[in-house]
Amino acid sequence: MTILEAPSTASLWGDKRFHTWNYEMREQFGDKVFKVMLDAGFTCPNRDGSIAKGGCTFCSARGSGDFAGSRRDDLVTQFGSVRDRQHLKWPNAKYIGYFQAYTNTYAPVEELREYYEVILEQPGVVGLSIATRPDCLQGDVVDYLAELNERTYLWVEMGLQTIHESTSQLINRAHDTECYLKAVEKLRSRGIRVCTHIIHGLPQETHEMMLETVSAVSQMDVQGIKIHLLHLMRKTPMVKQYEAGLLRFLEQDEYVKLIADSLEMLPPEMIVHRLTGDAPRDLLIGPMWSLKKWEVLNAIDDELKRRDTWQGKYWRKR
12 MTILEAPSTA SLWGDKRFHT WNYEMREQFG DKVFKVMLDA GFTCPNRDGS
62 IAKGGCTFCS ARGSGDFAGS RRDDLVTQFG SVRDRQHLKW PNAKYIGYFQ
112 AYTNTYAPVE ELREYYEVIL EQPGVVGLSI ATRPDCLQGD VVDYLAELNE
162 RTYLWVEMGL QTIHESTSQL INRAHDTECY LKAVEKLRSR GIRVCTHIIH
212 GLPQETHEMM LETVSAVSQM DVQGIKIHLL HLMRKTPMVK QYEAGLLRFL
262 EQDEYVKLIA DSLEMLPPEM IVHRLTGDAP RDLLIGPMWS LKKWEVLNAI
312 DDELKRRDTW QGKYWRKR
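Here it is in structure tokens:
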């Protein structure tokens, strides 16, 4: 196994031992950049019956957009509200419009153009990040995304969650891993950046299974990754799976070590957009320790230092 030398990697990302989103944004734009989470009013083919019904079992009623703006408001109003709230922490930042809730390419391209362009017109916006499913990338949509990619800083985010088809069935993902790989190929053939979402702690997955997913992502032509901790939220289909004994919450120390293992396997150039996740306190069933987000992130930093390890230490191209 190839081991990268510490001086050439661990010192590359400021004070962090992994390639953070914050580091990358400052390299790209010279300032803090934060995502402004938006709900454009989309639905999902895994909810409306065109592909399946019920949605992914972990997905909330807001389509994983629980911290996005309210769909009762138009996009410009949403943008201003979320931007101003986040400006309390980062008063001099630039913005990326993040179409987060549900499936944000699941509409005719004329409708997508209307939504995306109005956000690009907002002062301080330097790019877009668009969350979608791999089975919702029709040819004309990809053509438009490629056009956007020529004139703004663009990411397409897609939920893989796991490479294991047995888990996919349990969570009602309603697409297979091959579909995901073909979508990545389609986007990358047009030069579009891809961020892969995975979840640690899915029902009946072992530590080894989770790391097999990380290993697979490490070999994909994707430029970013979001690693989520599974959150069980009220009124999601996964509650029944939890009650049936199919789900065990990860412990904090277990998750921290799992993240360190994961980072060691990822290529150094892959941008880490996220290492944990958020869930509204009033909806969260568990694990409750996840509410202490900064404590978790600090523990990950400490674990990497304790091991004297870094992102990419054990990565090699197969």
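Using my numbering, you'd call the opening residue of the sequence shown number 12 and step up by one each time. Glycine is no exception: its CB is placed at the ideal position from the N, C-alpha and C atoms.
How is residue i classed by DSSP in three states: helix, strand or coil?
| i | result |
| --- | --- |
| G323 | coil |
| H239 | strand |
| F110 | strand |
| G76 | With a pLDDT of 48 at G76, under the threshold of 50, the modelled position of this residue cannot be trusted; read the value that follows with caution. If DSSP states are grouped into helix, strand and coil, G76 belongs with coil. |
| W300 | helix |
| W24 | strand |
| D154 | helix |
| D84 | coil |
| D95 | helix |
| V136 | strand |
| K43 | coil |
| Y126 | helix |
| Q180 | helix |
| L222 | helix |
| F90 | helix |
| E262 | coil |
| K100 | coil |
| C5 | The structure shown has nothing for residue 5, since the chain only spans 12 to 329. |
| M231 | coil |
| L159 | helix |
| R199 | helix |
| Y191 | helix |
| Q252 | helix |
| R245 | coil |
| L131 | helix |
| E121 | helix |
| E216 | coil |
Smallest Cα separation from residue i: which of the options?
| i | options | result |
| --- | --- | --- |
| S10 | V153, T287, W326 and E216 | Here the chain comprises residues numbered 12 to 329, so residue 10 is not present and cannot be evaluated. |
| I231 | K328, D151 and T320 | Residue identity differs from the one stated: residue 231 is Met in this sequence, not Ile. Looking at the Cα atoms, K328 is the closest of the given residues. |
| I238 | G65, T31, Q89 and A112 | T31 |
| I182 | G65, R28 and K100 | G65 |
| A194 | H175, C147, K304 and L315 | C147 |
| M244 | V233, F260 and S229 | F260 |
| K50 | I130, D151 and T224 | Just to set this straight, residue 50 is Asp in the shown sequence, not Lys. Comparing Cα-Cα distances from D50 to each of I130, D151 and T224, the minimum goes to I130. |
| P248 | S71, K324, K304 and T188 | S71 |
| L139 | M281, L222 and E128 | E128 |
| E161 | L274, R204 and N115 | R204 |
| E189 | M220, H218, D151 and V228 | V228 |
| Y38 | P298, K324 and E280 | Rather than Tyr, the amino acid found at residue 38 in this sequence is Glu. That would be E280, whose Cα lies nearest to the Cα of E38. |
| T207 | V120, R144 and G91 | R144 |
| L308 | T217, Q322, N33 and L286 | L286 |
| P119 | D151, D42, Q97 and L258 | D151 |
| E35 | S301, G297, I282 and E254 | I282 |
| Q133 | C67, K316 and T88 | T88 |
| T116 | S92, A142, V136 and R94 | A142 |
| G297 | T320, D319, E254 and M276 | E254 |
| E219 | D84, E265 and H186 | E265 |
| E176 | T224, V137 and L159 | T224 |
Per the DSSP calculation, residue i is bridged to which residue(s)?
| i | result |
| --- | --- |
| E168 | A142 and C206 |
| M48 | Y109 |
| T31 | V283 |
| G211 | Note on identity: in this sequence residue 211 is His, with Gly being the wrong assignment. H211 is bridged to L240. |
| K328 | According to DSSP, which records beta bridges pairwise, K328 is partnered with nothing at all. |
| K64 | D59 |
Heavy atom of the ligand MN less than 7 Å from the Cβ of residue i, yes or no?
| i | result |
| --- | --- |
| N309 | As far as ligands go, the structure on display features none, and thus does not contain the ligand MN. |
Practice prompt. Mind the definition here: the stretch 154–171 touches the stretch 198–205 only if three or more C-beta pairs lie below 8 Å; say whether that holds.
Written response: yes
Worksheet item: Within the chosen definition, does the stretch 38–46 reach the stretch 55–62 through at least 3 CB pairs nearer than 8 Å?
Response: no
Worksheet item: Can you give, in chain order, each stretch of the beta strand (DSSP E) that sits fully within the stretch 265–317 and has at least 3 residues?
Response: Within the stretch 265–317, the complete beta strand (DSSP E) runs of at least 3 residues are 282–285 and 295–297.
Item to complete: Taking 8 Å as the threshold, find out whether the stretch 103–115 comes into contact with the stretch 290–300 through three or more Cβ pairs.
Response: no
Worksheet item: Should the stretch 207–219 be regarded as contacting the stretch 266–275, the criterion being three or more beta carbon pairs within less than 8 Å?
Response: Inter-segment contact for the stretch 207–219 and the stretch 266–275 is present: three or more beta-carbon pairs are separated by less than 8 Å.
Discussion item. Below 8 Å, how does it come out for the stretch 23–41 and the stretch 300–320: are there three or more Cβ pairs, yes or no?
Written reply: yes
Worksheet item: Counting Cβ pairs, one atom from each stretch, are 3 or more of them under 8 Å apart for the stretch 94–102 and the stretch 110–127?
Response: no
Worksheet item: Counting Cβ pairs, one atom from each stretch, are 3 or more of them under 8 Å apart for the stretch 152–165 and the stretch 115–131?
Response: yes
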